[in-house]
Ligand SMILES: Cc1cc2nc3c(=O)[nH]c(=O)nc-3n(C[C@H](O)[C@H](O)[C@H](O)COP(=O)(O)O)c2cc1C
Ligand SMILES: [Mn+2]
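Numbering (the working numbering), first residue to last: 5 to 457.
Okay, here's the thing in structure tokens:
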């Protein structure tokens with residue numbers, strides 16, 4: 005059954021309100037620092053709609069991804085099933101993709117701005133040390149300059165002029181690969197930045213390349229999640245499409261040979277990414293809905309529950325096929341959402357936890373640490389995982405270290421991404437000796453008892 009609220013942000017907000025997961029801030033907030041500060045008071049709880057933004061005509065939505073329970077309600081599944089629901093849609097896409105459809109005009113083209121002025125958009129400046137206003141939730145749609153295959157992803161973009169942005173493209177990103185090939189020919193890379201989309205499109209655009217390789221259009225994943233093709237709209241000034249359902253579309257080109265300062269930016273690591281000369285983008289046209297809502301994402305729980313959640317789903321899908329004993333994967337929040345993974349196994353043989361650890365590293369290169377636990381450990385509970393480390397992990401046999409391996413360049417504990425990965429087997433021996441049998445109490449429904457306080 006089609007679920008339009010998973011692609012259309014306006015419908016999504018209505019659904020959040022109906023589920024009791026939305027707060028509206030009626031007081032005016034300053035987009036410089038104050039908006040993020042107000043939103044942070046709700047981090048991990050309700051999604052926040054700032055209805056009046058100082059000096060700006062449009063409201064701003066923030067916090068769409070920071071509460072997994074609210075996301076599960078949107079996706080219509082139980083909280084613990086959320087990564088599996090995404091993994092199932094991704095698998096369906098691999099075998100029966102619901103590819104996007106291109107239309108001439110969409111809701112995102114209701115207003116075609118006569119001139120480009122990024123300062124007229126309510127783009128907030130988040131953290132106190134940030135280098136300026138950042139677009140950080142727009143879906144970047146591009147085409148491979150050789151094959152024409154479409155790509156969707158998210159890159160932070162700093163506003164540096166009325167029609168100019170600077171962006172950060174990590175190593176290995178498909179858009180960086182496209183750009184480098186276009187630049188070699190002295191050509192710009194055309195892209196659209198699509199702000200204000202539903203979770204199906206967001207999820208599709210951050211599925212890791214181990215699952216959505218460079219020769220596949222990951223926008224199809226949005227179709228498989230929402231149950232209907234995602235609609236794309238032809239652009240006014242570039243040959244790449246925009247997302248018809250978006251609130252705003254910025255038609256842009258990434259300029260060859262041009263670099264301008266970008267940063268600092270409060271990153272998912274909890275640190276600022278530094279300022280340096282990075283890629284330059286020129287905005288050629290802005291189109292929008294009549295009454296649009298700007299969407300922004302705060303680094304922190306929001307990203308843990310989006311990149312992390314989608315990473316878990318992708319890793320689970322890949323690794324459980326190689327190692328059937330793997331039952332679940334969790335990217336813990338203390339690990340910045342995607343540096344630490346906990347892999348849960350129901351062991352059928354000795355040594356298999358180490359194979360699961362190696363397969364997990366292969367499936368998600370940003371990971372620094374993988375901990376394997378048994379099925380009787382709650383993998384989402386840091387205290388329970390620590391209990392497994394304390395009582396099952398034997399450092400003399402259970403530790404894997406992989407020095408000088410590629411990780412995530414933003415992680416300051418690495419040398420620009422180069423560092424050691426560690427795998428920890430915190431599973432009990434197989435077959436399980438009596439000494440490793442976990443204490444269990446009877447399950448009692450206390451609501452049936454007479455209890456006095
Ligand atoms: C809110 C948010 C911001 C992101 N910012 C960046 C960024 O600035 N640079 C980057 O390389 N990746 C960033 N990512 C991660 C990429 O979007 C993600 O890895 C994506 O799968 C890359 O796709 P691609 O390889 O198809 O280009 C961000 C993800 C999210 C959710
Ligand atoms: Mn891609």
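We put the CB at the ideal spot given by N, CA and C, even for glycine.
Check	Outcome
By alpha-carbon positions, which one of 335, 20 and 68 ends up nearest to residue 200?	68
From this set, 95, 435, 28 and 77, which residue's C-alpha is nearest residue 64's C-alpha?	28
Leaving out five residues on either side along the sequence, give the residues of the same chain with a beta carbon under 6 Å from the beta carbon of residue 114.	293 and 294
Just the Cα atoms here: how many angstroms apart are residue 431 and residue 319?	19 Å
Residue 26: which of 86, 433, 209 and 15 sits nearest, CA to CA?	15
Considering only heavy atoms of ligand 2, does any lie closer than 7 Å to the CB of residue 178?	yes
Count the other CB atoms, across all protein chains shown, that sit within 10 Å of the CB of residue 385; report buried if there are 16 or more and exposed otherwise.	exposed
Is the number of C-beta pairs between the region 317-332 and the region 341-358 that are closer than 8 Å three or more?	yes
So does residue 4 have its beta carbon nearer than 7 Å to some heavy atom of ligand 1?	Residue 4 is absent from the model: the chain starts at 5 and stops at 457.
Are at least three pairs of beta-carbons, each pair with one atom in the region 230-249 and one in the region 135-154, less than 8 Å apart?	yes
Whole angstroms is fine: what's the gap from residue 260's alpha carbon to residue 282's?	11 Å
State the CB to CB distance for the pair residue 222 and residue 156, rounded to an integer number of angstroms; the pair is presumed to be in contact (CB under 8 Å).	5 Å
Roughly how many angstroms lie between the CA atoms of residue 446 and residue 348, to the nearest whole one?	24 Å
Can you tell me whether residue 383 is helix, strand or coil according to DSSP?	coil
So, does the region 256-271 touch the region 181-191, judging by three or more C-beta pairs under 8 Å?	yes
Using 10 angstroms around the beta-carbon of residue 420, count the other beta-carbons present and answer buried if the total reaches 16, otherwise exposed.	exposed
Which class does residue 141 belong to by DSSP, given the choice of helix, strand or coil?	coil
Using the three-state DSSP reduction, which class does residue 340 fall into: helix, strand or coil?	coil
Compute the Euclidean distance between the alpha carbons of residue 263 and residue 164, then round it to the nearest angstrom.	12 Å
When DSSP labels each residue in this structure, what does residue 430 get in the three-state scheme?	coil
If I follow the unbroken alpha helix (DSSP H) through residue 69, where does it start and stop?	Per DSSP, residue 69 belongs to no alpha helix (DSSP H) and is neither H nor E.
If you compare alpha carbons, which of 51, 49, 57 and 50 is closest to residue 35?	57
My guess is that residue 12 and residue 202 are in contact by the Cβ rule of under 8 Å, so how many angstroms apart are they, rounded?	6 Å
How long is the line joining the alpha carbons of residue 70 and residue 298, rounded to whole angstroms?	17 Å
Express the C-alpha separation of residue 153 and residue 444 in angstroms, rounding to a whole number.	54 Å
Would you mind stating whether residue 210 and residue 310 have Cβ atoms separated by less than 8 Å?	yes
Does the distance from the CB of residue 91 to the CB of residue 228 come in under 8 Å?	no
Flag this pair as yes or no: are the beta carbons of residue 250 and residue 112 separated by less than 8 Å?	yes
Compute the minimum distance between the beta carbon of residue 370 and the heavy atoms of ligand 2, and state whether it is under 7 Å.	no
List the whole-angstrom C-beta distance separating residue 287 from residue 122, where the pair is believed to meet the contact cut-off of C-beta under 8 Å.	6 Å
Using a Cβ-based criterion (distance less than 7 Å to any ligand heavy atom), does residue 146 qualify as near ligand 2?	no
With 16 as the cutoff for other CB atoms within 10 Å, does residue 133 come out buried or exposed?	exposed
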